[in-house]
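Peer 1: Residue numbers (the working numbering): 59 to 341.
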Amino acid sequence: MSEPVFEVDESGEELTRADTAQSAELSPAEKAATREEHARLAEGALVRADELVAGYVPGVNILRGCDFYLQEGELVGIIGPNGAGKSTLLKTLFGLIPVRSGSVTLRGENITSAPAHRLVSLGVGYVPQNNNVFPSLSIEENMQMGVYLRPKTFKDRFDYVAELFPMLGERRRIKAGSLSGGERQMVAMGRALMMDPSVLLLDEPSAGLSPAYQDEVFIRCRRINATGVSIIMVEQNARRCLQICDRGYVLDQGRNAYTATGESLMHDPKVIELYLGTLAKAY
Ligand SMILES: Nc1ncnc2c1ncn2[C@@H]1O[C@H](COP(=O)(O)OP(=O)(O)OP(=O)(O)O)[C@@H](O)[C@H]1O
Ligand SMILES: [Mg+2]
59 MSEPVFEVDE
69 SGEELTRADT
79 AQSAELSPAE
89 KAATREEHAR
99 LAEGALVRAD
109 ELVAGYVPGV
119 NILRGCDFYL
129 QEGELVGIIG
139 PNGAGKSTLL
149 KTLFGLIPVR
159 SGSVTLRGEN
169 ITSAPAHRLV
179 SLGVGYVPQN
189 NNVFPSLSIE
199 ENMQMGVYLR
209 PKTFKDRFDY
219 VAELFPMLGE
229 RRRIKAGSLS
239 GGERQMVAMG
249 RALMMDPSVL
259 LLDEPSAGLS
269 PAYQDEVFIR
279 CRRINATGVS
289 IIMVEQNARR
299 CLQICDRGYV
309 LDQGRNAYTA
319 TGESLMHDPK
329 VIELYLGTLA
339 KAY
């Protein structure tokens with residue numbers, strides 16, 4: 059793993075994306091990604107992160123001043139190249155990575171580095187990109203783990219989840235470890251939904267799925283969102299993600315590069331050239 063390379067000016071000062079962008083005309087989506095615009099637009103947000111700096115190894119920052127907000131009821135997508143820090147941002151919002159500076163709030167309450175169990179009890183659900191099921195437990199037992207804080211709600215919640223993902227009801231006695239990667243992703247989403255979260259953090263929900271299943275997952279995410287769950291979704295399938303999200307962020311080298319509605323990002327010439335062109339070829 060290496061620290062991202064940044065341009066250096068004549069005095070040896072590191073030039074950040076924000077510095078270099080200042081000199082050129084900013085596109086609307088670049089301007090919206092600046093600190094000033096973020097501070098203006100993030101007012102009253104359900105989830106809000108300001109100037110997050112975080113990383114795994116001492117001295118190496120992966121998030122390098124990242125701003126983010128999610129308004130009540132929104133479905134917000136996060137796209138960007140491999141290694142941009144998308145998963146790291148979700149993990150940081152969920153308190154799994156030490157925050158070196160900056161803050162995260164939920165409904166205005168400071169939750170920076172709050173432990174996961176507290177976030178779950180505050181209504182935040184998180185579905186990680188990998189290792190997101192208990193493989194030796196059955197689907198049903200995985201769902202029970204999702205409501206360990208409120209076991210009495212199991213039946214009602216499982217009915218709701220099985221309606222969204224019929225496979226989980228039909229194959230409830232099967233061990234999660236025997237499922238495909240995509241099916242495990244559904245188990246993981248189902249488990250997070252068992253707690254009736256108000257905010258769901260999804261890391262690549264469509265990864266490893268066939269195109270038909272991918273579509274289903276995107277449609278279900280919209281349905282879950284329509285039932286009142288606000289969603290933050292990280293996706294490799296950038297175009298599909300931008301099609302269904304209310305707003306999107308393009309993350310690059312641990313910083314926001316662009317943000318706008320999904321529709322505007324999809325048609326932004328710079329976003330297409332830098333992020334959708336190559337990604338689109340991969341799909
Ligand atoms: N557990 C870890 N320990 C040390 N470094 C890590 C760890 N996880 C991720 N990193 C590093 O952090 C950087 C960002 O990784 P991250 O997983 O957030 O990227 P990403 O945008 O989610 O990429 P992808 O699209 O491949 O999932 C990478 O350089 C990666 O090597
Ligand atoms: Mg990732």
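Quick reminder that beta carbons are idealized off the backbone N, C-alpha and C, glycines included.
Quick one: any contact between the stretch 177 to 186 and the stretch 226 to 233, if contact means 3 or more CB pairs under 8 Å?
Peer 2: Contact fails: fewer than three Cβ-Cβ distances are below 8 Å.
Peer 1: Mind reading off the beta-carbon distance from Glu-262 to Glu-293? Whole number of angstroms is fine, and I expect it under 8 Å.
Peer 2: One-based indexing of the sequence shown puts residue 262 at position 204. One-based indexing of the sequence shown puts residue 293 at position 235. Yes, they are in contact, since the Cβ atoms of Glu-262 and Glu-293 sit about 6 Å apart, within 8 Å.
Peer 1: At a cut-off of 7 Å, is Gly-131 close to ligand 1 when judged by its beta-carbon and the heavy atoms of the ligand?
Peer 2: Here residue 131 corresponds to residue number 73 of the sequence shown, with the count starting at 1. Checking every heavy atom of ligand 1 against the Cβ of Gly-131, none is found closer than 7 Å.
Peer 1: From which residue to which residue does the alpha helix (DSSP H) around Val-275 run?
Peer 2: Residue 275 sits at position 217 when you count from the first residue of the sequence shown. Val-275 -> alpha helix (DSSP H) spans 269 to 284.
Peer 1: Please list, in chain order, all residues of the same chain as Ile-368 whose beta carbon is under 6 Å from its beta carbon, the five residues on each side excluded.
Peer 2: Here the chain covers residues 59 to 341 and nothing more, so residue 368 does not appear.
Peer 1: For Leu-151, which of Asn-168, Pro-139 and Val-275 has the nearest alpha-carbon?
Peer 2: Locating residue 151 in the sequence shown gives position 93, where the first residue counts as 1. Checking every option, the nearest Cα to that of Leu-151 belongs to Asn-168.
Peer 1: Which one or two residues does DSSP pair with Leu-258 in a beta bridge?
Peer 2: Within the sequence shown, residue 258 is the residue found at index 200, counting from 1. BP columns for Leu-258 point to Gly-183 and Ile-289.
Peer 1: Rounded to whole angstroms, what's the CA-CA distance from Ala-284 to Gly-335? Just pull it up for me.
Peer 2: For the purposes of this step, residue 284 is taken as residue 226 along the sequence shown, with counting starting at 1. For the purposes of this step, residue 335 is taken as residue 277 along the sequence shown, with counting starting at 1. Whole-angstrom Cα-Cα distance: 30 Å.
Peer 1: Hey, is the stretch 203 to 222 in contact with the stretch 260 to 275, meaning 3+ C-beta pairs nearer than 8 Å?
Peer 2: The answer is no - the stretch 260 to 275 does not touch the stretch 203 to 222, with fewer than three Cβ pairs under 8 Å.
Peer 1: CB of Asn-200 to nearest heavy atom of ligand 1: below 7 Å?
Peer 2: Working through the sequence shown from its first residue, we reach residue 200 at position 142. Every heavy atom of ligand 1 is 7 Å or more from the Cβ of Asn-200, so no.
Peer 1: What span of residues does the alpha helix (DSSP H) with Asp-326 cover, start to end?
Peer 2: Numbered from 1 along the sequence shown, position 268 holds the residue referred to as residue 326. Where Asp-326 is concerned, there is no enclosing alpha helix (DSSP H), given that its DSSP letter is neither H nor E.
Peer 1: Across the stretch 242 to 251 and the stretch 85 to 105, are there enough close Cβ pairs to call them in contact, namely three or more that are closer than 8 Å?
Peer 2: The answer is no - the stretch 85 to 105 does not touch the stretch 242 to 251, with fewer than three Cβ pairs under 8 Å.
Peer 1: Does ligand 2 have even one heavy atom less than 7 Å from the beta-carbon of Glu-262?
Peer 2: Reading the sequence shown from its first residue, position 204 is the one you call residue 262. Checking the Cβ of Glu-262 against ligand 2 gives yes.
Peer 1: Exposed or buried, which one is Pro-255 when buried takes at least 16 other CB atoms within 10 Å?
Peer 2: One-based indexing of the sequence shown puts residue 255 at position 197. The residue in question, Pro-255, is buried, as its Cβ has 16 or more Cβ neighbours within 10 Å.
Peer 1: For Leu-309, which residues of its own chain have a beta-carbon under 8 Å away from its beta-carbon, when the five flanking residues on both sides are left out?
Peer 2: As a position in the sequence shown, residue 309 is number 251, starting the count at 1. For Leu-309, where only same-chain residues beyond five positions count, the Cβ hits under 8 Å are Cys-124, Ile-136, Ile-137, Gly-138, Ala-142, Gly-143, Lys-144, Leu-147 and Ala-315.
Peer 1: Glu-109 lies in the beta strand (DSSP E); which residues open and close that run?
Peer 2: As a first step, residue 109 must be located in the sequence shown, where it is residue number 51. Counting along the chain, the beta strand (DSSP E) containing Glu-109 begins and ends at 105 to 112.
Peer 1: Take every Cβ of the stretch 155 to 173, pair it with every Cβ of the stretch 321 to 335, and state whether three or more of those distances are shorter than 8 Å.
Peer 2: At 8 Å Cβ cutoff, the stretches do not touch.
Peer 1: Report all residues from its chain with a CB closer than 6 Å to the CB of Arg-305; omit the five preceding and five following residues, and keep chain order.
Peer 2: Numbered from 1 along the sequence shown, position 247 holds the residue referred to as residue 305. Only Val-134 and Thr-319 meet the Cβ criterion.
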